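Visitor: Each residue of the sequence shown is one higher than the one before, counting from 84 in this note's numbering.
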Amino acid sequence: MDSLREALDSESTYAALMLAFNQFKSKAYEIGLMEQSYGISDQIHVRMHEHRASLNFLICAYMNLAKMYYEKFYWENYRKKQPTEVSSMVSNILKNDSKNIDVKEFQSKIKEENPELELGLKLRNFMQHNVLLSDTISTSFNNDSENIFFNTNTSIPHERVLGKSNIDAKLLDNFANPIDVNILIDKITECISTLHLQVRTLTENKVNQEHVYLINLNHAISTEVNLINKKYEKGMSKATLITEDSQQEIQYYIGWFSPYKHSKEKYRFFLPHSRIEYSKTKQI
């Protein structure tokens, strides 16, 4: 059952990341809409203070979850420049290390090809040891007489993070100044989604085999043994098994793995978030 627990944990971690992503996007959209309704007023600085607090909270949650997933995907603990401990989502599910080299190379490739991921990981460390990431947000709108376009922008000047948490000028050269946090989070989400797809691909057969075993075990316990006093705790079922000589409490599982299938269906397709534009359907 341990393989199924690890598989469900990987889906739960990804689902938490996507929840943080969606909440950040929703909040940014809400702020833009609200501010165009308010317009300029004496309370604008108070409102912007509240908006900054909300967005920084969501950015912190997102960046922490992104780093958590990245390090759960593949992680090495170094001592004296030698890895003393290696862990990966795939090996935890498969219960062997046969794919660790492939997983490490895949993770390195994604990071090398996407400077947004490297910057995101370092910005998370910057927040942990310094200050909140964003102190500048802006809202704008453009009325072209037919439609109104509004935008909420959260940005980070290069000067704010240069030299902090190993963020150097070479890395920052990949980004406009200031850095658009919306674009950055879009790209990080694409990277983590690519890693998550790899976990699913490499572990699908093992998970399916273990799930079949779970179903068969549940069927056998439900139909072939004499049970009394069933009880349920957080998805774990307990029952008393009666034999000729004694009664014995056993544990089995029923339904607790269903969120895994739900998560795979909910996040079946990994969207290219950096290329998505949001608009209302135009009526003709």
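All residues carry an ideal CB built from backbone N, CA and C; glycine is no exception. In this text, all values refer to a predicted model and were calculated from it rather than measured experimentally.
Return the Cβ separation of Ala111 and Leu138 in integer angstroms, given the expectation that the two are a contact with Cβ distance under 8 Å.
Guide: Between Leu138 and Ala111 the Cβ distance is about 7 Å, and since that is below 8 Å, they are a contact.
Visitor: Alpha carbon to alpha carbon, how far is Arg135 from Ser217?
Guide: About 7 Å.
Visitor: Closer than 6 Å by C-beta to Tyr97: which residues in its own chain qualify, once you throw out the five before and the five after it? Chain order, please.
Guide: Closer than 6 Å at the Cβ level, and outside the excluded window around Tyr97, lie His279.
Visitor: Report the rounded CA-to-CA distance for Lys317 versus Phe340, giving the unit in angstroms.
Guide: At Lys317 the pLDDT is 47, less than 50, meaning the model places this residue with poor confidence; the figure from the coordinates comes in the next sentence. C-alpha separation (whole angstroms): 11 Å.
Visitor: Span of the alpha helix (DSSP H) holding Lys187?
Guide: Element bounds for Lys187: Asn183 to Glu196.
Visitor: Evaluate Asn249 with the Cβ neighbour count: other Cβ atoms within 10 Å of its Cβ, from every protein chain shown; 16 or more gives buried, anything less gives exposed.
Guide: That one is exposed.
Visitor: Apart from the five residues just before and just after Ile142, which ones in its own chain have a Cβ nearer than 6 Å to its Cβ?
Guide: Result list for Ile142: Leu216, in chain order.
Visitor: If you run the structure through DSSP and keep just helix, strand and coil, what is Asn291?
Guide: Three-state DSSP puts Asn291 in a helix.
Visitor: Under the three-state reduction of DSSP, which class applies to Ser174: helix, strand or coil?
Guide: Correct three-state label for Ser174: helix.
Visitor: Tell me whether the stretch 85-92 and the stretch 174-184 touch, counting them as touching only if at least three CB pairs, one residue from each stretch, are closer than 8 Å.
Guide: Touching, per the Cβ criterion.
Visitor: Hey, quick one: how far does the alpha helix (DSSP H) through Ala259 stretch, first residue to last?
Guide: Per DSSP, Ala259 belongs to no alpha helix (DSSP H) and is neither H nor E.
Visitor: Please report the distance separating the alpha-carbon of Tyr145 from that of Ile127.
Guide: If I take the Cα positions, the gap works out to 26 Å.
Visitor: Using beta carbons (cut-off 7 Å, strictly below), is Leu254 in contact with chain C?
Guide: In the structure shown, chain C cannot be found, because there is only a single protein chain.
Visitor: Give the range of the alpha helix (DSSP H) segment to which Tyr343 is assigned.
Guide: It spans Ser341 to Lys349 - the alpha helix (DSSP H) in which Tyr343 sits, taken as one unbroken run.
Visitor: Can you round the beta-carbon distance between Tyr153 and Ile275 to whole angstroms, since I take them to be within the 8 Å contact cut?
Guide: About 7 Å; that satisfies the 8 Å criterion.
Visitor: In the structure shown, what three-state DSSP assignment does Asn213 receive?
Guide: Three-state result, Asn213: coil.
Visitor: Alpha carbon to alpha carbon, what distance is there between Glu113 and Thr235?
Guide: Distance between the alpha carbons of Thr235 and Glu113: 9 Å.
Visitor: From Ser170 to Leu116, what does the alpha carbon distance come to, in whole angstroms?
Guide: Rounded to whole angstroms, Ser170 to Leu116 spans 44 Å at the Cα level.
Visitor: Considering only C-alpha positions, which residue in the set Glu293, Glu188, Phe140 and Gln292 is nearest to Phe156?
Guide: Checking every option, the nearest Cα to that of Phe156 belongs to Glu188.
Visitor: Between which two residues does the alpha helix (DSSP H) holding Met151 run?
Guide: First-last of the alpha helix (DSSP H) with Met151: Ile127 to Phe156.
Visitor: Give me the Cα-Cα distance between Phe104 and Thr272, rounded to the nearest whole angstrom.
Guide: For Phe104 and Thr272, the distance between alpha carbons rounds to 8 Å.
Visitor: Using only CA atoms, which one of Lys194, Glu94 and Arg207 lies nearest to Val264?
Guide: Answer by Cα proximity: Arg207.
Visitor: Going by the DSSP bridge assignment, what does Ile239 pair with across the sheet?
Guide: DSSP, once it has assigned bridges, lists Ile262 as partnering Ile239.
Visitor: Considering only their Cβ atoms, is the gap separating Ile193 from Thr277 smaller than 7 Å?
Guide: Yes, Cβ-Cβ distance for Thr277 and Ile193 is below 7 Å.
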